[in-house]
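Chains as they are written, first to last, in this note's numbering: chain L, 581 to 960; chain B, -9 to 368. The beta carbon of each residue, even a glycine, is placed where N, CA and C say it ideally should be. Structure first, then comments.
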Amino acid sequence: MKLATQLAQVGINREEKTGAISTPIYQTSTFCHPALGQSTGFDYSRSGNPTRQALEDSICALEKGQRGLAFASGMAAIAAVMSLFKPGDHLLVSDDTYGGTYRLFTTLGAKNGLNFTFFDFTNLDYLPNLITPSTRAIFVETPTNPLMKIIDLEKLVNNAHQYGLLVIVDNTFFTPYLQQPLDYGADLVLHSATKYIGGHNDVVAGLLVTAREDLGEQLAFIQNAVGAIPGPHDCWLLLRGLKTLAVRLEWSQHSALHLAEFLERHPAVKKVNYPGLPHHPGHDLCKKQARGFGAMLSFEVETKEMAAQILERVKIISFAESLGGVESLITYPETQTHAAIPLNVRRKLGINDCLLRLSVGLEDPADLEDDLNQALEFNR
Amino acid sequence: MGKGTKLIHSGSEIDQATGAVSTPIYQSVIFAQKDVDTPGQWEYTRSGNPTRAALEETIATLEGGKYGFAFASGMAAISAAFLLFSAGDHILVSRDVYGGTFRLAHRLLPRFGFDIDFVDTTDLNQVKSLIRPQTRAIFLETPSNPLIKITDFRAIAALAKEHGIITMTDNTFMTPYLQRPLETGIDIVIHSATKYLGGHSDCLAGLVITDNRELAQEIRFLQNGLGAVLGPQDCWLILRGIKTLKVRLEQQQTTAGLLAEWLQTRPEITEVYYPGLRTHVGRELHFSQAEGAGAMLSFRLQNDEQARLFCNRLRLPVIGSSLGAVESIVSIPAIMSHASLSEKMRQELNLNRSLVRLSVGLEDYEDLQADIIQALED
Chain L
581 MKLATQLAQV GINREEKTGA ISTPIYQTST FCHPALGQST GFDYSRSGNP
631 TRQALEDSIC ALEKGQRGLA FASGMAAIAA VMSLFKPGDH LLVSDDTYGG
681 TYRLFTTLGA KNGLNFTFFD FTNLDYLPNL ITPSTRAIFV ETPTNPLMKI
731 IDLEKLVNNA HQYGLLVIVD NTFFTPYLQQ PLDYGADLVL HSATKYIGGH
781 NDVVAGLLVT AREDLGEQLA FIQNAVGAIP GPHDCWLLLR GLKTLAVRLE
831 WSQHSALHLA EFLERHPAVK KVNYPGLPHH PGHDLCKKQA RGFGAMLSFE
881 VETKEMAAQI LERVKIISFA ESLGGVESLI TYPETQTHAA IPLNVRRKLG
931 INDCLLRLSV GLEDPADLED DLNQALEFNR
Chain B
-9 MGKGTKLIHS GSEIDQATGA VSTPIYQSVI FAQKDVDTPG QWEYTRSGNP
41 TRAALEETIA TLEGGKYGFA FASGMAAISA AFLLFSAGDH ILVSRDVYGG
91 TFRLAHRLLP RFGFDIDFVD TTDLNQVKSL IRPQTRAIFL ETPSNPLIKI
141 TDFRAIAALA KEHGIITMTD NTFMTPYLQR PLETGIDIVI HSATKYLGGH
191 SDCLAGLVIT DNRELAQEIR FLQNGLGAVL GPQDCWLILR GIKTLKVRLE
241 QQQTTAGLLA EWLQTRPEIT EVYYPGLRTH VGRELHFSQA EGAGAMLSFR
291 LQNDEQARLF CNRLRLPVIG SSLGAVESIV SIPAIMSHAS LSEKMRQELN
341 LNRSLVRLSV GLEDYEDLQA DIIQALED
C-alpha cells in the first residue's frame, strides 16, 4: 500500500462495533475493570488511552517501527529520550539543532550528569576521535534546523553501530512521508508533531518511534512514570492532521522550491539554504535518502535592518515561531528558535542576525512570492 | 489574492489580543455585558458567536457573497432556506436531488402548506411550463446527486429573475473552490459542510450564503429563531477543514478523472457518470460555470446483484452514506442516500440498485484501481 493511501485511512478501524469512520475520542481518565485482577487493556489514561493508542500505532506503522509513543510536546518526547541515559553518559549531537533541544541538553541534561559534544555530522571523518568509552548515542536532525544541512543517515548509522551507539533522528522537518530513518538502521525517530504531522498550527505534541522492542518498553515506562502525555483530543487532532499530510507536504514543497528559486534570484538575498536547489551541498544525498526536499528553507539578507524590515512587512506570511502548518510562517532564529544557543556558538555555525527561516504553507505560491517581493523592497 | 490563498487567510483573522494563528474556540454560551445599559457585540451564542462568525465570514468570502450562516447540519441549512417561504407558496425542486432534500420537500413542507413540484431543471422548457404566479423559488443541485446531471445556472437565474423567483442551489459537490453560483446570478447557495468543506467525515454542518441583504436578514432571523446553529467546536473543525480544501480537492479530482476514464474501459461497467468525461452530455455547460469536474462519480454495473457484490468486496473505500472525505466512500444511492425517494421517482430517474456512487478520497490512484479490479473480478 502506498504511503498516501496509508495516510488517508489512518486511524480507521473497521472492527469497531459502531463502524464510526473517525477514531472515537476517549475523553476519559479511567477505565472500569471487568473484575478483580482483570483489565480491558486500558486502566488509566496516563498509562494508555484508546485514542492515543490509535495515534501511536499509526505513527509506528508510518515510520515502520516496533513501537510508537505520544508525548505532550516535541520537547517532552526529547526529554523522554534523554531519560534513557544515566550520569556520566556521553552523547553526540548535531551542532545545528533546534534551540530548545540545545537548551534541554546543556541545562537539565548537564545538571543530571550527562555530557554532550556538538558536532557537524555532514563530515563523518573526524567522528571516531569524538567517541569515548562513555559515549552512548548520537542525536541528529536532518535536514538541520535552520541551516538545512543534510546528514548521510546510512553512513552515520554504520559508523555509530560499530561503536554500539544508539542513533536518534529528529524527523520533524521531513516526516515519514519524505524520509523514514529506521530504513537506514536508526534506532529511534522522534517528531515535534506540532509541525507537519498536526499541520494546522493548532496542537502541541511529540511522537517517538523505536526500531527495537526493548527501547520501546523502556520509553513506555518513562512515558507512564513521568506522565508527559498528550490528551485524547489532541491525539485525535493529530490523526486528523495525518490524513492530509501527503497533499499538504506535496503542495508546500512544490511552493518551497519555487520560492527558493525566487529568493536566489533576488539581489537583496545573499544566500538561500534549501536542499532542493541543485547546488546545495546536500542535494544529491537528500535525493538519495528522502523522497523530496521538504518545505523549509532559510535565507540570509545583507543586514540585520533588512531582516527586521522583512519581518515587519510580510502580510500573508505570519511572523511567528513554529513551522509545518497550513499557514506560511517566517521566523528569526537569532532571537526566536535559536536564542538559547550562545552567541559565539551561533556565529560559528553561521546563524547570524541576517538569517530568516521560512516554513512554506498552502497559500498560492504566486501570492507568497508577491508578499516576499514587497517585503524585500529596500530603499538603497 | 489567489483562491488557494483565500482558503488559508479569510474571515478567521488572527486573534488581535494574543496573535494566535488558529481561530480561538469560544466555547461560551453567554458574553458578559459591561452594565445593563450596554449590550456588547456578542450576547448569546445562538444569536452569534465569534468562532461561528469566523466560519460564516470565511464561507461568505469564498462564495463571493456578503453574508454567511452556519447551521447544525446540511439539512438544517436547507430547512432554513425553504422556511424563507410560506404557506401557499409554490416551489420548484430539482427532481434529481439528495434524498434528504426530497424527503423534506415531499413529506414535511406540504404539512406547512407549501406547494412543491419536482422538475427536471436541466430542461428549461419544463421549468418554464411549471412557473405560475404563486411560484416563489427554485431549488437545484448541479452536478446533481447521484446522476451528475448539469443544470444551467445562468439560464435558470435569468428565467427566475423575469418572474421574481428566488433561486437556491446546493453547492456541496463542487464547493466554492470549483464553482461559485452567486457569480452566475443564483440568489442563495447552500452546503452540507459535512462533506468537502469539513472533509474528514468527523463533523456535521450546514452553511447558507447570499449576497442579498434582505434575504440575509430573513435567514439570520430564522437561524436565531429556530436555533439550529452550529456549535463553536464544530465551527472550528470546519475552518480547519477549509484550510486543506484546495489540496484535498485537487488531488481527489485528479484521481477521480483517472478512475472515470479507466472505468469506462471495463466490460463490467455499463455506464460512467462524471462531468469530466468527453462523453458526458453536460460537460461543456459544466465547464462554463465550474473550474473542475470534482471528485464524485457514479457508474452502473450490469445488475443489482453485481453492484451489491462489488461494494461488499471493496477493501479501501468504506461503505457509507456520505461523501467528500479524505477516505473514499462507496454507496448504492437507491438504498442509501436516496432511499427516501418514492419508488415512482426512482424509476423515472432510472435510479436503481445497479448504480454505484463513489466519492474519491486521498488514497493513491493505483491502490484504488487495484482494489476496484479485485472487486470486479473476484
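How about residue i: is its C-beta nearer than 9 Å to some C-beta of chain B?
i	result
Q589 of chain L	yes
R647 of chain L	no
D750 of chain L	no
G930 of chain L	no
D944 of chain L	yes
S625 of chain L	no
Rounded to a whole number of angstroms, what is the C-alpha to C-alpha distance between residue i and residue j?
i	j	result
V747 of chain L	S321 of chain B	48 Å
E131 of chain B	P40 of chain B	31 Å
L249 of chain B	P257 of chain B	14 Å
S344 of chain B	P723 of chain L	52 Å
K691 of chain L	L684 of chain L	10 Å
Y34 of chain B	S878 of chain L	46 Å
S69 of chain B	L94 of chain B	8 Å
G786 of chain L	A805 of chain L	17 Å
R298 of chain B	E338 of chain B	22 Å
A717 of chain L	T697 of chain L	11 Å
L587 of chain L	G351 of chain B	11 Å
R926 of chain L	D732 of chain L	23 Å
L358 of chain B	G215 of chain B	46 Å
S119 of chain B	H153 of chain B	12 Å
R626 of chain L	V784 of chain L	17 Å
D944 of chain L	R144 of chain B	29 Å
So is residue i in contact with chain L if we call contact Cβ pairs under 9 Å?
i	result
R437 of chain B	The structure shown does not extend to residue 437 of chain B, since chain B spans only -9 to 368, so no value can be given for it.
Q207 of chain B	no
D294 of chain B	no
E53 of chain B	no
L94 of chain B	no
S349 of chain B	no
V117 of chain B	no
I68 of chain B	no
R(-5) of chain B	Sequence check: residue -5 of chain B is Thr here, not Arg. Output row for T(-5) of chain B: interface = yes.
Per DSSP, what kind of secondary structure is residue i in: helix, strand or coil?
i	result
H181 of chain B	strand
E46 of chain B	helix
M158 of chain B	strand
N853 of chain L	strand
Y678 of chain L	coil
E261 of chain B	strand
G786 of chain L	strand
V737 of chain L	helix
D357 of chain B	helix
T755 of chain L	helix
F129 of chain B	strand
R897 of chain L	In the sequence as presented, Arg is not what sits at residue 897 of chain L; that position holds Ile. Residue state, collapsed to three classes: coil.
M886 of chain L	helix
M335 of chain B	helix
S321 of chain B	strand
D950 of chain L	helix
M286 of chain B	strand
With distance defined between alpha-carbon atoms, name the residue in the options nearest to residue i.
i	options	result
C193 of chain B	L:D637, L:F611, L:G679, L:P604	L:P604
S908 of chain L	L:V894, L:H918, L:Q916	L:V894
F873 of chain L	L:S609, L:V661, L:F651, L:A840	L:A840
N302 of chain B	B:Q364, B:G90, B:E333	B:Q364
I921 of chain L	L:S627, L:G599, L:G679	L:G679
L736 of chain L	L:T677, L:G930, L:L707	L:L707
L220 of chain B	B:I15, B:A10, B:D5	B:I15
A324 of chain B	B:P265, B:S37, B:Y88	B:Y88
L788 of chain L	L:E949, L:M581, L:F651, L:T620	L:F651
Y167 of chain B	B:A44, B:L313, B:E53	B:E53
D750 of chain L	L:R820, L:V852, L:L762	L:L762
So which residues on chain L does residue i lean against when the C-beta distance must stay under 8 Å?
i	result
L306 of chain B	T585, Q589
S12 of chain B	H780, N781, D782
For residue i, go through chain B and note every residue whose CB falls closer than 8 Å to its CB, in chain order.
i	result
A870 of chain L	Under the 8 Å cutoff, chain B gives no residues; its nearest Cβ is about 19 Å from A870 of chain L.
Taking C-beta pairs closer than 7 Å, name the residues in chain B that residue i reaches, listed in chain order.
i	result
I601 of chain L	S191, V308, G310, E317
Which residues in chain L sit within 9 Å of residue i, going by Cβ to Cβ distance?
i	result
K56 of chain B	Neighbours of K56 of chain B on chain L: none; closest Cβ ~23 Å, over 9 Å.
Name the chain B residues that come within less than 9 Å of residue i, Cβ to Cβ?
i	result
R845 of chain L	Per Cβ cutoff of 9 Å: no residues; R845 of chain L is ~21 Å from chain B at best.
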